[in-house]
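**Student:** Note that our numbering gives residue 63 to position 41 of the sequence shown, counting from 1, and the numbers run on in steps of one. Please read through the structure below; I'll follow up with questions.
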Amino acid sequence: MNKEELTAQLKVIIKPYTTNTDAYENFTEDTDFIKDLNINSANLVDIILDIEETFDIVIENTDMERMLDVKTSVVIIETKLAAK
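Structural data, given as structure tokens:
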């Protein structure tokens with residue numbers, strides 16, 4: 023799975039949790055989950071769980087704390103998938 027496919031899949035996962043539709047429509051690798059998409063910390067945990075389930079990976083707490091934007095999240099997912 024390439025970076026574009028991962029980003030597209032991540033966008034699908036995030037959709038139910040965002041309240042800012044304008045920012046969601048302009049979703050890029052620089053999109054910040056909290057600042058741009060207005061996703062709260064409880065929903066961030068739900069997103070992480072959805073990511074783990076979708077990609078069949080385990081995300082440690084240290085990685086979870088860094089997953090605040092699209093770019094970092096994609097890098098972490100890519101790393102986890104490569105290690106499988």
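We put the beta carbon where it would ideally sit given N, CA and C, even for glycine.
1) Identify every run of the alpha helix (DSSP H) within the region 68-93, keeping only runs that are complete inside it and at least 4 residues long; order them along the chain.
2) Is the beta carbon of Val67 closer than 8 Å to that of Glu74?
3) Could you check how far apart the C-beta atoms of Lys93 and Glu51 are, in whole angstroms? I think they sit under 8 Å.
4) How big is the Cα-Cα spacing for Asp78 and Asp85?
5) Per DSSP, which one or two residues make a beta bridge with Asp52?
6) Taking Cβ to Cβ, would you say Asp91 is nearer than 8 Å to Asp54?
7) Going by Cα to Cα distance, which pick from Leu28, Ala64, Thr41 is closest to Asp58?
**Tutor:** In terms of the structure at hand:
1) Runs found: 83-88.
2) Numbered from 1 along the sequence shown, position 52 holds the residue referred to as residue 74. Numbered from 1 along the sequence shown, position 45 holds the residue referred to as residue 67. Contact annotation: Glu74 and Val67 have beta-carbon atoms that are not nearer than 8 Å.
3) In the sequence shown, counting from the first residue as 1, residue 93 sits at position 71. In the sequence shown, counting from the first residue as 1, residue 51 sits at position 29. Rounded, the Cβ-Cβ distance is 4 Å, consistent with contact.
4) In the sequence shown, counting from the first residue as 1, residue 78 sits at position 56. In the sequence shown, counting from the first residue as 1, residue 85 sits at position 63. Taking the straight line from one Cα to the other gives about 16 Å.
5) In the sequence shown, residue 52 corresponds to position 30, counting from 1. According to DSSP, Asp52 bridges with nothing at all.
6) For the purposes of this step, residue 91 is taken as the residue at position 69 of the sequence shown. For the purposes of this step, residue 54 is taken as the residue at position 32 of the sequence shown. Yes, these two residues count as a Cβ contact at 8 Å.
7) Sequence index remark: in the sequence shown, residue 58 carries index 36 (1-based). Among Leu28, Ala64, Thr41, the Cα nearest to that of Asp58 is on Thr41.
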